[in-house]
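What follows is a set of notes on a single structure, which appears directly below.
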Amino acid sequence: MSSATASGPLWYQDRGDALFALLKYTTIMFFTVMVLVPLISVVVVSFWSPPEFFGAGPHIIPQEPTLDAWVTAFTGFQDNLINSALIATGTTALALLICIPGAYVFGRQEFPGKEWGFRVIMVALLFPYILLIIPLTDTWYGLGLFNTIPGVILAYQVFVTPFAIWILRDFFEGLPANLEEAAQVFGCSQWQAFYKVILPLSLPAVMATGFLAFLVGWNDFLFSNMLTTGTGPRPAVVTLYLQTVGGESRYWGLVMAQALIVGTPPTVLYMIARRHLTQSFAV
Amino acid sequence: MSNVTAQRQETTQVSRVDRFVGAIREHWFSYLLFLPTLLYLVFLLWIPFFRGVWMSFHEWSSGGANPTWVGLENYIYLLNWDPFYTSLQATLGFGIATFFQLVLAVAAASLVANLDKFKAIVSTGLIIPYTMPPVVTGTIWLYLLDPNYGPIFGYLMEWGVISEPIYWSSSGLPALSVVSGVLMWTFWPFMFLIILASRESIPDEYYETAQVYGSNRVQTFLRITLPQLKSAILVALSIRLVWNLAKVSQAFQLTQGGPGYETSVLGVLLYRFAYSDGQFGMGFAVGMFLLAVTIGFVALFIREFEKARKEGSTA
Numbered sequence: 001m002s003s004a005t006a007s008g009p010l011w012y013q014d015r016g017d018a019l020f021a022l023l024k025y026t027t028i029m030f031f032t033v034m035v036l037v038p039l040i041s042v043v044v045v046s047f048w049s050p051p052e053f054f055g056a057g058p059h060i061i062p063q064e065p066t067l068d069a070w071v072t073a074f075t076g077f078q079d080n081l082i083n084s085a086l087i088a089t090g091t092t093a094l095a096l097l098i099c100i101p102g103a104y105v106f107g108r109q110e111f112p113g114k115e116w117g118f119r120v121i122m123v124a125l126l127f128p129y130i131l132l133i134i135p136l137t138d139t140w141y142g143l144g145l146f147n148t149i150p151g152v153i154l155a156y157q158v159f160v161t162p163f164a165i166w167i168l169r170d171f172f173e174g175l176p177a178n179l180e181e182a183a184q185v186f187g188c189s190q191w192q193a194f195y196k197v198i199l200p201l202s203l204p205a206v207m208a209t210g211f212l213a214f215l216v217g218w219n220d221f222l223f224s225n226m227l228t229t230g231t232g233p234r235p236a237v238v239t240l241y242l243q244t245v246g247g248e249s250r251y252w253g254l255v256m257a258q259a260l261i262v263g264t265p266p267t268v269l270y271m272i273a274r275r276h277l278t279q280s281f282a283v
Numbered sequence: 284m285s286n287v288t289a290q291r292q293e294t295t296q297v298s299r300v301d302r303f304v305g306a307i308r309e310h311w312f313s314y315l316l317f318l319p320t321l322l323y324l325v326f327l328l329w330i331p332f333f334r335g336v337w338m339s340f341h342e343w344s345s346g347g348a349n350p351t352w353v354g355l356e357n358y359i360y361l362l363n364w365d366p367f368y369t370s371l372q373a374t375l376g377f378g379i380a381t382f383f384q385l386v387l388a389v390a391a392a393s394l395v396a397n398l399d400k401f402k403a404i405v406s407t408g409l410i411i412p413y414t415m416p417p418v419v420t421g422t423i424w425l426y427l428l429d430p431n432y433g434p435i436f437g438y439l440m441e442w443g444v445i446s447e448p449i450y451w452s453s454s455g456l457p458a459l460s461v462v463s464g465v466l467m468w469t470f471w472p473f474m475f476l477i478i479l480a481s482r483e484s485i486p487d488e489y490y491e492t493a494q495v496y497g498s499n500r501v502q503t504f505l506r507i508t509l510p511q512l513k514s515a516i517l518v519a520l521s522i523r524l525v526w527n528l529a530k531v532s533q534a535f536q537l538t539q540g541g542p543g544y545e546t547s548v549l550g551v552l553l554y555r556f557a558y559s560d561g562q563f564g565m566g567f568a569v570g571m572f573l574l575a576v577t578i579g580f581v582a583l584f585i586r587e588f589e590k591a592r593k594e595g596s597t598a
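From first to last, the protein sequence lines are chains A and B. The first sequence runs 1 to 283 under my numbering. The second sequence runs 284 to 598 under my numbering.
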């Protein structure tokens, strides 16, 4: 009631509300169209047949829907998809192994050098990691890590680790203050307090971090293109890229099926991890 | 006199070692858990970085056969090379595109936060471009914008808007606009994620109070939403700016950095030297310029981050 008197006559407020609602829904509609229409047209074209693609001009509903493109795409990409899955899983595992302990000490322990250490990690977060493809490629040649799955996994830590520590640290810091002391009163060692009390409580943030690491392992092109060749563990993203270099026009139906096959796993994972992610992203 | 100083120096040295040993003894658990991170920082970041700096003073081809010391010649070559300045210009264009991403993200986040229904579905849908590999979204746009068979020019011609397709990849400004546009479409949801999360953590009471005092929507947005989102916006902007400068797969895929060097942002230039030409030394020299551009943003980011943390701890 006080709000009505304060912001003027009721009819004015109603009109303002209606206008705002109109603006709100139009804009949101605009955003949705901007994102979804390109995606839908890509899905649609993957069901066209080649003659339809080259002959029929722009349309939406496939005239004779066929799964040919999908079957060809999937058979051709099988090995590369397995490589991608192995690389992404390995990246996630190694990232968690490095980041959970690291983020824990920065979130919940006091020790000399903490401020300094965290600053170094923040610098790493904003380091233009593209620089490192050069020395890493060169070193990987020498160490025999070039063109191997462990080599790619190790290289991906360059940009997974700082971001993961940053997100996890915030979560650890937000947990109640005396958890470890309480656990130690009940006879836990420092180590037990960490993995029996703190770790289970942090599962949502750990999942979010794991998801992000997987996303990097699956999505990245720069390092994997640089560090693998056709004879080695080439991931699907690089194979997809190679479909698009060269000549001007091609049978896009097939390429779109390939693109969607490569793009779907991380998107589905995102849908699953979404709830935890949103919490972790609050700054 | 000098004896006393020497003695004093000795005692401080001893106590420093003592303190070091004491710290390790007292905090061994923390240091142990920090160890993997430290190994990562040393072996994957700093050693490769300094090795790269050293490489940039050489004519160093991929495979590392017989590098020759050339001193600063790589750097001097770049500074006297016209495409390098084309590249700097393109990098600036990329930077500007990041601000458009921010505008999209703030608008979408403040509106989505006001939705009563379907909030989860809408925000999830909006993020899809970011969850897919950039090479996938790049491929998608290559098809959509294909002058001969793509639907965008197909429809525009069918509706009579244009009479012939635009071959955007063959001239500078259209190519750069397409590359920045696709970059924007792919990465704005990252900012949206961060800003929406922070927008949702603003307590509802703030808005209720503002309403009681009779402020309208524009006023609440300017006086409550924006100030509350300040640190989120700065963090999202600086991370994205730095990452966009380093993220070159789409520019590389859409135009191969061409026509000429028109869309070769510094990152793409580096990649062309390293991947296409195998000139590692020259590539890293480009990287050093990229680093210089980035350091400005890093400084800003750290300052804001520390400030936000202090505000957070006093609140």
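Note that beta-carbon positions come from the ideal geometry of N, C-alpha and C, so glycine has one too. These numbers were taken from a predicted model, which means no experiment stands behind them.
- Message: Which of the three DSSP states is assigned to Glu-52 (chain A) in this structure?
- Response: In this structure, Glu-52 (chain A) counts as helix in the three-state DSSP scheme.
- Message: On the DSSP letters alone, give me the boundaries of the alpha helix (DSSP H) that Cys-99 (chain A) sits inside.
- Response: Residues 68 to 108.
- Task: Give me the Cα-Cα distance between Leu-154 (chain A) and Ile-272 (chain A), rounded to the nearest whole angstrom.
- Result: C-alpha of Leu-154 (chain A) to C-alpha of Ile-272 (chain A): approximately 26 Å in a straight line.
- Message: Just to make sure I have the definition right: I need the residues of chain B whose C-beta is within less than 8 Å of the C-beta of Thr-228 (chain A). Which are they?
- Response: Simply none; closest approach about 12 Å.
- Query: Okay, do the stretch 378 to 392 of chain B and the stretch 222 to 242 of chain A touch, 3+ Cβ pairs below 8 Å being the bar?
  - Reply: They do not touch, by the three-pair rule.
- Message: Three Cβ pairs or more, each shorter than 8 Å: is that satisfied between the stretch 411 to 418 of chain B and the stretch 252 to 272 of chain A?
- Response: By the Cβ criterion, the stretch 411 to 418 of chain B is in contact with the stretch 252 to 272 of chain A, since at least three pairs of Cβ atoms, one from each stretch, lie closer than 8 Å.
- Message: Considering only the alpha carbon of each residue, which of A:Phe-127, A:Thr-75, A:Glu-180, A:Val-43 lies closest to Ile-60 (chain A)?
- Response: Considering only alpha carbons, the answer is A:Val-43.
- Would you say Ile-234 (chain B) reaches chain A, if we count a Cβ-Cβ gap shorter than 8 Å as a contact? Residue 234 (chain B) lies beyond the range of chain B shown here (284 to 598); nothing can be said about it.
- Message: To test your reading of the DSSP string, which unbroken alpha helix (DSSP H) runs of 4 or more residues are found completely within the stretch 519 to 570 of chain B?
- Response: Taken in chain order, the unbroken stretches of alpha helix (DSSP H) that lie wholly in the stretch 519 to 570 of chain B and span 4 residues or more are 532 to 538, 549 to 554.
- Message: What does the alpha-carbon distance come out to for the pair Gly-489 (chain B) and Ser-481 (chain B)?
- Response: Position check: residue 489 (chain B) holds Tyr in this sequence, whereas Gly was assumed. Spanning the two alpha carbons is a distance of roughly 14 Å.
- Item | Three-state secondary structure assigned by DSSP to Trp-343 (chain B) | Assignment of Trp-343 (chain B) by DSSP, reduced to helix, strand and coil, places it in the coil class.
- Message: Mapping the DSSP letters down to three states, classify Trp-352 (chain B) as helix, strand or coil.
- Response: DSSP, reduced to helix, strand and coil, places Trp-352 (chain B) within a strand of the structure shown.
- Query: Looking at C-alpha atoms only, which residue of B:Phe-326, B:Lys-513, B:Ala-458, B:Ser-559 is the closest neighbour of Ala-534 (chain B)?
  - Reply: That would be B:Ala-458, whose Cα lies nearest to the Cα of Ala-534 (chain B).
- Message: In whole angstroms, give me the CA-to-CA distance for Arg-432 (chain B) and Leu-175 (chain A).
- Response: The residue you asked about is not Arg; residue 432 (chain B) is Tyr in the sequence shown. Distance between the alpha carbons of Tyr-432 (chain B) and Leu-175 (chain A): 55 Å.
- Is it buried or exposed for Val-304 (chain B), if we count other Cβ within 10 angstroms and need 16 for buried? Under the 10 Å beta carbon count, Val-304 (chain B) is surrounded by fewer than 16 other beta carbons and is classified as exposed.
- Message: Given this structure, state the Cα-to-Cα distance separating Ala-390 (chain B) from Leu-179 (chain A), to the nearest angstrom.
- Response: Roughly 40 Å between the two C-alpha positions.
- Message: Using 8 Å as the threshold, is the C-beta distance between Phe-172 (chain A) and Tyr-251 (chain A) below it?
- Response: Not a contact, by the Cβ cut-off of 8 Å.
- Task: Pick out whichever of A:Phe-163, A:Arg-169, A:Gly-113, A:Thr-89 has its Cα sitting closest to the Cα of Phe-266 (chain A).
- Result: Checking the displayed sequence, the identity of residue 266 (chain A) turns out to be Pro instead of Phe. Considering only A:Phe-163, A:Arg-169, A:Gly-113, A:Thr-89, the residue with the shortest C-alpha distance to Pro-266 (chain A) is A:Thr-89.
- Taking 8 Å as the threshold, find out whether the stretch 110 to 122 of chain A comes into contact with the stretch 298 to 313 of chain B through three or more Cβ pairs. Here the stretch 110 to 122 of chain A makes contact with the stretch 298 to 313 of chain B; the two share three or more CB pairs at distances below 8 Å.
- Item | Euclidean distance between Cα positions of Leu-428 (chain B) and Val-461 (chain B) | In a straight line, the C-alpha of Leu-428 (chain B) is about 9 Å away from that of Val-461 (chain B).
- Message: Between Ile-522 (chain B) and chain A, is the shortest Cβ-Cβ distance under 8 Å, so that the two count as touching?
- Response: So, interface residue.
- Query: For the alpha helix (DSSP H) that Arg-150 (chain A) lies in, which residues bound it at each end?
  - Reply: Reading off the sequence, residue 150 (chain A) comes out as Pro, not Arg. Run containing Pro-150 (chain A): 149 to 174, per the alpha helix (DSSP H) assignment.
- Would DSSP call Val-35 (chain A) helix, strand or coil? In this structure, DSSP gives Val-35 (chain A) a helical state, which the three-state scheme calls helix.
- Task: Put Ala-177 (chain A) into one of helix, strand or coil per three-state DSSP.
- Result: Coil, per DSSP.
- Members of the stretch 126 to 139 of chain A that neighbour chain B once the beta carbon cut-off is set at 8 Å: Cβ proximity to chain B below 8 Å picks out Leu-126, Phe-127, Pro-128, Tyr-129, Ile-130, Leu-131, Leu-132, Ile-133, Ile-134, Pro-135, Leu-136, Thr-137, Asp-138, Thr-139 from the stretch 126 to 139 of chain A.
- Query: Terminal residues of the continuous alpha helix (DSSP H) containing Pro-193 (chain A)?
  - Reply: Reading off the sequence shown, one finds Ala at residue 193 (chain A), where the question assumed Pro. Looking at the DSSP string, Ala-193 (chain A) is not in any alpha helix (DSSP H), and its letter there is neither H nor E.
- Query: By a C-beta neighbour count over all protein chains shown, 10 Å radius and 16 as the cutoff for buried, is Trp-442 (chain B) buried or exposed?
  - Reply: With fewer than 16 other CB atoms across the displayed protein chains lying within 10 angstroms of its CB, Trp-442 (chain B) is exposed.
- Less than 8 Å separating the beta-carbons of Val-569 (chain B) and Leu-549 (chain B)? Yes, the pair counts as a contact, with Cβ atoms nearer than the cut-off.
- Query: Under 8 Å, do Leu-322 (chain B) and Gly-102 (chain A) count as touching if we go by C-beta distance?
  - Reply: Against a cut-off of 8 Å, the Cβ pair of Gly-102 (chain A) and Leu-322 (chain B) comes out as no contact.
- Query: Anyone know if the C-beta pair for Thr-244 (chain A) and Leu-425 (chain B) falls short of 8 Å?
  - Reply: Yes.
- Message: Quick check: the Cα distance between Met-29 (chain A) and Leu-409 (chain B), rounded to an integer number of angstroms?
- Response: The alpha-carbon atoms of Met-29 (chain A) and Leu-409 (chain B) are separated by roughly 11 Å.
- Does Met-474 (chain B) get closer than 8 Å to chain A when you measure Cβ to Cβ? No, no contact with chain A.
- By how many angstroms is the C-alpha of Met-474 (chain B) removed from the C-alpha of Phe-367 (chain B)? In this structure, the CA atom of Phe-367 (chain B) is about 30 Å from the CA atom of Met-474 (chain B).
- Query: Considering only the beta carbon of each residue, do Ala-213 (chain A) and Ala-95 (chain A) sit closer than 8 Å?
  - Reply: At the C-beta level, Ala-213 (chain A) and Ala-95 (chain A) come within 8 Å of one another.
- Item | Per-residue burial, Pro-285 (chain A) [other beta carbons within 10 Å of its own, 16 or more giving buried] | Because residue 285 (chain A) is not part of the residues shown, which for chain A are 1 to 283, the question remains open.
- Query: Going by Cα to Cα distance, which pick from A:Leu-86, A:Leu-201, A:Tyr-195 is closest to Tyr-156 (chain A)?
  - Reply: The shortest C-alpha separation from Tyr-156 (chain A) is found at A:Leu-86.
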